[in-house]
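Novice: Using our numbering, the first residue of the sequence shown is number 91, and each one after it goes up by one. Heads up, the beta-carbon is just placed ideally off N, CA and C, and yes, glycines get one too. Predicted model only: the values in this text are computed from it and were never measured. Pasting a structure here, questions to come.
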Amino acid sequence: MAKDVLVNWEKKSGERKKIYKQFLDRVPKNTVLKQLPDLHDEAFEKVDCLTCANCCKNYSPRFKTPDVKRISRHLRMKESVFIETYLKVDDDGDYVVKTAPCPFLGSDNYCTIYEDRPSDCHRFPYTDEDVFIKRPVLTLKNATFCPITYYVLEKLIEHDRKG
Ligand code: SF4
Ligand code: SF4
């Protein structure tokens, strides 16, 4: 893979969607799981989330009960007021933010509730857990807007080709 794999990554990711799908459908899960920790670290070294924030700008995490409790406590708000102010229920019955970008995203792309952010935010984009391979539809969607997901997929495919 060329060093500049991240140049024009959005365009390349769109063009290679079929290849990613075929790869995720056939690759042995254990092979991927062994490689993910190193590739996850490598991707986060290459990509600065603070210059991106595509996830926080366009998609909402789920706010599970422990998230709501922790964040409302942090904001010194009653849970009911916190929910009323910021959240709505989505089609899956989960609490998500009412508006995009996320109301907790600062203008400098820092998360203003970082230490207490929802578990989904902490885990995103799942490049160091089995969700990455177990939920290919989610991974394929994330590859369209998240350069870290794109990078990890490209590297996995490159390693696969080399055998
Ligand atoms: S979309 Fe991916 S690269 Fe961009 S901020 Fe989110 S996790 Fe980081
Ligand atoms: S809570 Fe923070 S990390 Fe999560 S989407 Fe909002 S700004 Fe991003």
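1. I'd like the list of long-range same chain contacts for Arg160, defined as Cβ closer than 7 Å, with 5 residues on each side in sequence excluded.
2. Following the continuous alpha helix (DSSP H) through Lys108, name the residue where it begins and the one where it ends.
3. Among the residues of its own chain, which have a CB less than 8 Å from the CB of Val137, if the five just before and after it don't count?
4. Per the contact definition of three or more C-beta pairs closer than 8 Å, is the segment 181–200 in contact with the segment 212–223?
5. Are there three or more Cβ pairs, one per stretch, closer than 8 Å when the segment 180–192 is compared with the segment 144–152?
6. Give me, in chain order, the residues of the same chain whose beta-carbon lies closer than 8 Å to that of Met91; leave out the 5 immediate sequence neighbours on both sides.
7. Is the closest heavy atom of ligand 1 to the C-beta of Ile238 under 6 Å?
8. With the cut-off set at 7 Å, would you say Leu114 and Pro226 are in Cβ contact?
9. With hydrogens ignored, establish whether the beta-carbon of Phe194 is closer than 6 Å to any heavy atom of ligand 2.
Specialist: To lay it out plainly:
1. For the purposes of this step, residue 160 is identified with residue 70 of the sequence shown, where counting begins at 1. Asp206.
2. Within the sequence shown, residue 108 is the residue found at index 18, counting from 1. Lys107 to Arg116 is the extent of the alpha helix (DSSP H) around Lys108.
3. Along the sequence shown, read from residue 1 onward, the residue named residue 137 stands at position 47. Correct list, in chain order: Leu96, Pro237, Ile238 and Tyr241.
4. Using a Cβ-Cβ distance cut-off of 8 Å, the segment 212–223 and the segment 181–200 are not in contact, since fewer than three pairs of beta carbons, one from each stretch, lie closer than that value.
5. yes
6. To locate residue 91, count along the sequence shown from 1; it is residue 1. Interpretation of Met91 is limited by its pLDDT of 46, a score under 50 that renders its predicted location unreliable; the figure taken from the coordinates is listed afterwards. Excluding positions up to five away in sequence, the list reads Glu244, Lys245 and Glu248.
7. Taking the first residue of the sequence shown as 1, we reach residue 238 at position 148. Yes, ligand 1 has a heavy atom inside 6 Å of this Cβ.
8. On the sequence shown, residue 114 is found 24 positions in, with the first residue counted as 1. On the sequence shown, residue 226 is found 136 positions in, with the first residue counted as 1. Cβ atoms of Leu114 and Pro226: closer than 7 Å.
9. As a first step, residue 194 must be located in the sequence shown, where it is residue number 104. Checking every heavy atom of ligand 2 against the Cβ of Phe194, one is found closer than 6 Å.
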